[in-house]
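This report refers to the structure that appears directly beneath it.
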Amino acid sequence: MYAAVLFIGVQNATTVQPVVVIERTVFYREKAAGMYSALPYAFGQ
1 MYAAVLFIGV QNATTVQPVV VIERTVFYRE KAAGMYSALP YAFGQ
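When the letters of the sequence shown are read in order and numbered with UniProt numbering, they come out as residues 1 to 45.
Below, the structure written as structure tokens:
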């Protein structure tokens, strides 16, 4: 049971990696432009 839950967690983390990379780039660009800080971005997620 533990191994199954661990496997599903790792699989989900691996699946979301490309999305996080793209969103991080957008966040850095918009933060540098002064659009918002990290806290509103985190709440918006």
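Cβ coordinates follow ideal geometry from the N, Cα and C atoms, glycine included.
| Asked | Found |
| --- | --- |
| DSSP three-state label for LEU11, please. | The amino acid occupying residue 11 in the given sequence is Gln; Leu does not appear at that position. Three-state DSSP puts GLN11 in a helix. |
| Rounded to a whole number of angstroms, what is the C-alpha to C-alpha distance between TYR36 and GLU30? | 7 Å |
| Which of the three DSSP states is assigned to GLY44 in this structure? | helix |
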